[in-house]
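Everything below concerns the one structure shown next.
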Amino acid sequence: MTVGRIHSVESMGLVDGPGIRTVVFLQGCRLRCRYCHNPDTWSMENHKALELRPQELVDRLVRFKPYYGAEGGVTFSGGEPLLQPEFLAQTLRLCQKAGIHTCLDTAGCGLGSYEGILDHTDLVLLDVKHYTPEGYERITGQSMEAFEGFWQATQRKGTPLWVRHVVVPGLTDSREHLEGLEHYLKTWKHIQRVELLPYHTLGVHKYQTMGIPYPLEGVPAMEEGKLEDWNRRLNEVCCRTMTQIRKEREL
Ligand code: SF4
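In my numbering, the protein residues as written are 489 to 739.
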């Protein structure tokens, strides 16, 4: 029987997809992003994780449905939600059956064969760590191969994408880097929105609690206003309307 390992559930999320959303954080991640602020989700073995079957979780989520309004719904995040593919696919399907909009917040580093998941995903928030294999490995400690497999699956499926990219001072904030990102994303289909996310230091205390060194020690948080122009530019150049996405799917 499929059981999911859930790190935590946030009932009124406002930043992980459209509208008001319940955010379900699943346990487990194979990447080790240098700026990760959720190192407590990395291990699949967290003894504090909640264990639920798909229907048990959906029964809980349905209770929040009146708050979702026309736009909101449920977002599955992590960790990396793709590491629990069976549980994720079944839960997404049950959510859609219950009339709940489904969103997947992922770095795209899963185990392959994503069809069953994307069949029941209305929107993917795809965290693009870097656009070159070298840069990707420098930031995450892993090869870019798994990410590319997932990205290609979203392109085949025509899943609408909100692309997210964390901008770190001294690492990914140069003009050259952001132009490279623009160039990369321009070749993608089905992007609805691009969100450049300013690096912050809110999760650093977790490293201290867990007794592990923080890789970006001393790097200051990114000033939010600095990204406004780039955010506007990338959205103008790379995004499509939902009508255009539907047409792209038909081609
Ligand atoms: S993918 Fe997310 S959870 Fe995993 S290491 Fe990177 S930032 Fe952390």
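Think of the CB as a built atom: it goes at the ideal place given N, C-alpha and C, for glycine as much as any other residue. As the structure is a prediction and not an experimental result, all values here were calculated from the model.
With distances taken between CB atoms, is the gap from R541 to Q515 smaller than 8 Å? no
Residue ranges of each alpha helix (DSSP H) run of no fewer than 4 residues wholly in the region 561 to 635, ordered along the chain? 573 to 585, 603 to 606, 621 to 628
Helix, strand or coil for Q515 per DSSP? coil
Pairing CB atoms from the region 570 to 590 with CB atoms from the region 605 to 622, are three or more of them under 8 Å? yes
Look up R728 in the DSSP assignment and say whether it is helix, strand or coil. coil
Beta-bridge pairing of P686 - partner residues as DSSP gives them: V655
Skipping 5 residues on each side, what residues in its chain have a beta carbon closer than 7 Å to that of G598? E568, L570, L571, P573, A634, F638
May I ask which residues mark the beginning and end of the alpha helix (DSSP H) holding E670? 663 to 673
Boundaries of the alpha helix (DSSP H) in which V692 is found, first to last residue: 692 to 698
Extent of the continuous beta strand (DSSP E) to which R493 belongs: 492 to 501
For the beta strand (DSSP E) holding L549, just list the boundary residues, first then last. No beta strand (DSSP E) holds L549; the alpha helix (DSSP H) holding it covers 542 to 550.
Measuring CA to CA, which of M698, K674, T620 is closest to T660? T620
Under 5 Å, CB to any heavy atom of ligand 1. Which residues pass, going along the chain? C517, L519, C521, C524, N526, A595
Is there contact between the region 648 to 666 and the region 677 to 692, where contact requires at least three CB pairs shorter than 8 Å? yes
Are three or more beta carbon pairs between the region 530 to 541 and the region 587 to 594 nearer than 8 Å? no
With three or more beta-carbon pairs closer than 8 Å as the criterion, would you say the region 555 to 568 touches the region 716 to 736? no
Proximity to V674 [Cα-Cα], best of C727, A709, S496: The amino acid occupying residue 674 in the given sequence is Lys; Val does not appear at that position. Nearest option by C-alpha distance: C727.
Counting C-beta neighbours from all protein chains within 10 Å, is the total for G566 16 or more, i.e. buried, or is it exposed? buried
Tell me which residue opens and which closes the alpha helix (DSSP H) that K553 is part of. 553 to 556
Exposed unless 16 or more other CB atoms sit within 10 angstroms - verdict on L592: buried
To which residues of the same chain is M632 closer than 6 Å at the C-beta, ignoring the five residues directly before and after it? P621, Y624
Buried or exposed (CB count within 10 angstroms, at least 16 for buried), P506: buried
Would the beta-carbon of V654 fall within 8 Å of that of Y523? yes
For L502, which of H495, S496, V511 has the nearest alpha-carbon? V511
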